[in-house]
Amino acid sequence: MARRKIALQVFILLSILSSVANSIDFNYPSVFNFGDSNSDTGDLAAGLGFLLDPPNGQIYFKTPTGRFCDGRLIVDFLIYSPSLSMETKNFFLYVIALISIFLPLAQSVHFKFPSVFNFGDSNSDTGNLVGAGIESIGPPYGEIHFKIPSGRYCDGRLIIDFLMDAMELPFLNAYLDSVGVPNFRKGCNFAAAGSTILPATATSVSPFSFGVQVNQFLRFKARVLELLAKGKRFDRYVPAEDYFQKGLYMFDIGQNDLAGAFYSKTLDQIVASIPNILVEFETGIKKLYDQGGRNFWIHNTGPLGCLTQNVAKFGTDPSKLDELGCVSGHNQAAKLLNLQLHALTKKLQGQYADSNITYVDIYTIKSNLIANYSRYGFEQPIMACCGYGGPPLNYDSRISCGQTKVLNGTSVTAKACSDSTEYVNWDGIHYSEAANQYISSQILTGKFSDPPFSDRMPFLLNLKF
Numbered sequence: 001m002a003r004r005k006i007a008l009q010v011f012i013l014l015s016i017l018s019s020v021a022n023s024i025d026f027n028y029p030s031v032f033n034f035g036d037s038n039s040d041t042g043d044l045a046a047g048l049g050f051l052l053d054p055p056n057g058q059i060y061f062k063t064p065t066g067r068f069c070d071g072r073l074i075v076d077f078l079i080y081s082p083s084l085s086m087e088t089k090n091f092f093l094y095v096i097a098l099i100s101i102f103l104p105l106a107q108s109v110h111f112k113f114p115s116v117f118n119f120g121d122s123n124s125d126t127g128n129l130v131g132a133g134i135e136s137i138g139p140p141y142g143e144i145h146f147k148i149p150s151g152r153y154c155d156g157r158l159i160i161d162f163l164m165d166a167m168e169l170p171f172l173n174a175y176l177d178s179v180g181v182p183n184f185r186k187g188c189n190f191a192a193a194g195s196t197i198l199p200a201t202a203t204s205v206s207p208f209s210f211g212v213q214v215n216q217f218l219r220f221k222a223r224v225l226e227l228l229a230k231g232k233r234f235d236r237y238v239p240a241e242d243y244f245q246k247g248l249y250m251f252d253i254g255q256n257d258l259a260g261a262f263y264s265k266t267l268d269q270i271v272a273s274i275p276n277i278l279v280e281f282e283t284g285i286k287k288l289y290d291q292g293g294r295n296f297w298i299h300n301t302g303p304l305g306c307l308t309q310n311v312a313k314f315g316t317d318p319s320k321l322d323e324l325g326c327v328s329g330h331n332q333a334a335k336l337l338n339l340q341l342h343a344l345t346k347k348l349q350g351q352y353a354d355s356n357i358t359y360v361d362i363y364t365i366k367s368n369l370i371a372n373y374s375r376y377g378f379e380q381p382i383m384a385c386c387g388y389g390g391p392p393l394n395y396d397s398r399i400s401c402g403q404t405k406v407l408n409g410t411s412v413t414a415k416a417c418s419d420s421t422e423y424v425n426w427d428g429i430h431y432s433e434a435a436n437q438y439i440s441s442q443i444l445t446g447k448f449s450d451p452p453f454s455d456r457m458p459f460l461l462n463l464k465f
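Here our numbering is used: the sequence shown runs in plain steps of one and ends on residue 465.
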């Protein structure tokens with residue numbers, strides 16, 4: 001009944017404000033702005049994860065807002081309607097937000113981890129690279145679970161989606177996905193496809209390297225604390241202050257540091273770069289620890305040499321392949337990275353004695369799936385479901401999943417297979433939802449983690465699997 005009364009009041013208010021708005025001659029239903037710092041209301045600050053310091057924003061907003069100005073920009077004055085007071089406009093926007101945001105989840109379950117903050121690449125990106133406007137994803141991505149492309153490089157759900165479900169937490173919204181009024185109460189996802197641990201270069205797929213993602217988190221936390229200080233009206237949409245200390249920090253990144261390097265470096269050069277990669281990773285972990293993070297969940301890197309894309313590019317010489325048909329050099333590099341990453345996590349476990357740091361052996365889980373694929377109900381361990389070219393790999397680097405292009409004078413389309421649940425690989429680079437579900441089920445056994453699951457991860461005692 002209380003919700004109905006609020007809804008009725010909301011619609012009455014909208015009707016009143018709408019009639020006022022319609023009386024204004026300069027009346028457009030929406031504005032889409034493109035530009036530089038003259039009209040940037042926070043994109044650069046949000047995207048690169050930094051905070052502007054005072055005295056920026058001192059005149060009007062009283063605090064830095066992402067605008068390179070002491071107050072409002074020209075675009076703010078153009079948007080502003082003199083017929084409505086600023087207080088009325090702010091309340092109007094708040095009312096719209098209330099209507100747009102999904103109803104809060106029922107709180108009948110006691111969560112051991114109230115929130116999750118994720119950092120990574122396409123293995124756990126739920127919409128950041130697409131939200132940043134760097135890439136777009138069309139059908140058949142998302143066809144299995146979401147029925148439409150969801151910003152995920154998959155036919156459905158990712159490993160992180162299944163893990164969130166196991167913790168009875170909602171799927172994580174992408175930090176850069178501003179459309180749809182995402183709710184960040186239970187955490188935020190900073191992972192972006194193509195991201196590396198090392199700083200991005202001019203040729204990188206993603207500018208959102210691990211350091212940038214950590215900076216985005218720092219800005220996210222600072223903005224959340226600002227909103228919480230303004231009163232309780234934002235409580236249901238952003239994490240509570242203690243969620244940053246009690247929440248789980250998840251990491252699945254490093255694959256692209258190795259895979260991308262093989263296009264220009266030798267195996268020895270790549271192996272020599274691993275210590276620098278892990279120094280950068282350790283630096284980010286320390287920043288998060290200094291911000292109060294105490295629960296860290298670190299995935300290692302999977303068998304890169306078994307990805308269709310790498311087999312097609314680097315496996316044309318049979319002598320370069322192992323007994324599973326995977327590129328030996330890529331897998332060797334992944335193993336060496338994982339060995340040193342494991343040693344780093346042991347070091348961190350000793351250094352941060354007040355923390356829970358869990359290392360998850362994704363490599364072994366994925367390798368076991370590929371080696372014993374038929375035992376788990378799969379038909380194809382390496383061939384891509386969505387691609388072009390047919391067996392044995394169904395992959396052509398010139399045309400990505402879902403695209404239509406003219407190749408050799410003929411228009412062709414990289415289509416999805418009839419049943420993606422039979423394939424471990426979805427598009428040549430990423431795993432299918434069916435494979436992600438299997439991998440998640442193995443993670444949740446606790447057998448592939450160091451330390452093994454115990455009372456440190458109590459949510460796992462009530463699994464649905």
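C-beta atoms are modelled at their ideal positions from N, C-alpha and C, and glycine is treated no differently. Given the structure is predicted, the values throughout are model-derived calculations rather than measurements.
| request: Identify, in the order they occur along the chain, each residue of the same chain with its Cβ nearer than 6 Å to the Cβ of L98, setting aside the five sequence neighbours on each side. | output: Note that L98 scores a pLDDT of 37, beneath 50, so its modelled location is shaky; the value from the coordinates is reported in the next line. Once the five neighbours on either side are set aside, L98 has no close Cβ partner at all.
| request: Could you tell me which of S115, S206 and C385 sits nearest to L393, measuring between CA atoms? | output: Ranking the options by Cα distance to L393, first place goes to C385.
| Buried or exposed by the 16-neighbour rule on C-beta atoms within 10 Å, applied to H330 | Result: buried.
| query | With C-beta atoms as the reference, is F208 less than 9 Å away from G47? | reply | In this structure, G47 lies closer than 9 Å to F208 by Cβ.
| field | A174 classed as buried or exposed, judged by whether at least 16 other C-beta atoms fall within 10 angstroms | value | The residue is buried, with at least 16 neighbouring Cβ atoms inside 10 Å.
| For N331, three-class secondary structure by DSSP | Helix at N331.
| said: Going residue by residue through the region 248-313, where are the continuous beta strand (DSSP E) segments of at least 3 residues, counting only ones entirely within it? | reply: Listed in chain order, they are 248-252 and 295-299.
| Three-state secondary structure assigned by DSSP to T410 | Looking at T410 - three-state DSSP - the assignment turns out to be strand.
| query | Tell me which same chain residues have a C-beta within less than 6 Å of the C-beta of V179, skipping the five on either side of it? | reply | Same-chain partners within the cutoff: there are none.
| message | Starting from V360, trace the beta strand (DSSP E) in both directions and tell me its first and last residue. | response | Going by DSSP, V360 is part of the beta strand (DSSP E) stretching over N356 to V360.
| query | Are the region 276-295 and the region 223-239 touching by the rule of at least three beta carbon pairs closer than 8 Å? | reply | A contact between stretches requires three or more CB pairs, one per stretch, nearer than 8 Å, and the region 276-295 fails this requirement with the region 223-239.
| task | Spatial neighbours of I370 within its chain, please: CB distance less than 8 Å, with the 5 preceding and 5 following residues excluded, ordered by chain position. | result | For I370, same chain residues with a beta-carbon under 8 Å away, outside a window of 5 residues either side, are P303, C306, L324, C326, P381, I382 and V424 in chain order.
| message | Using a 10 Å radius around the Cβ and a threshold of 16 neighbouring Cβ atoms, would you call R157 buried or exposed? | response | With at least 16 other beta carbons inside 10 angstroms of its own, R157 counts as buried.
| Separation of R72 from S400, as counted between CA atoms | Looking at the two C-alpha atoms, the distance is approximately 43 Å.
| request: Would you kindly work out how many angstroms separate the C-alpha atoms of F296 and L198, rounded to a whole number? | output: When the Cα atoms are used, F296 and L198 turn out to be separated by approximately 20 Å.
| With N436 and I159 assumed to form a contact (beta carbons below 8 Å), what rounded beta-carbon distance in angstroms separates them? | That belief holds up - the Cβ atoms of N436 and I159 are roughly 5 Å apart, short of 8 Å.
| field | Alpha-carbon to alpha-carbon, A434 and N408 | value | So the two alpha carbons sit approximately 34 Å from each other.
| What is the DSSP secondary structure of Q403, counted as helix, strand or coil? | Look at Q403 here: in three-state DSSP terms it is coil, with no helix or strand label.
| query | Going by alpha carbons, who is nearest to D121 out of G260, C417 and R398? | reply | The shortest CA-to-CA distance from D121 to any of G260, C417 and R398 is the one to G260.
| task | Starting from the Cα of G187, find the closest Cα among T196, D161 and N372 and give me that residue. | result | Just measuring C-alpha positions, the residue of T196, D161 and N372 sitting nearest G187 is D161.
| Helix, strand or coil for Q442 per DSSP? | Shown here, Q442 sits in a helix according to DSSP, grouped into three states.
| query | Closest to T358 by CA distance: which of Y376, I298, N56 and N368 is it? | reply | Nearest C-alpha to T358: I298.
| query | Taking C-alpha atoms, which residue in S30, L348 and G247 lies nearest to E282? | reply | The shortest Cα separation from E282 among S30, L348 and G247 belongs to L348.
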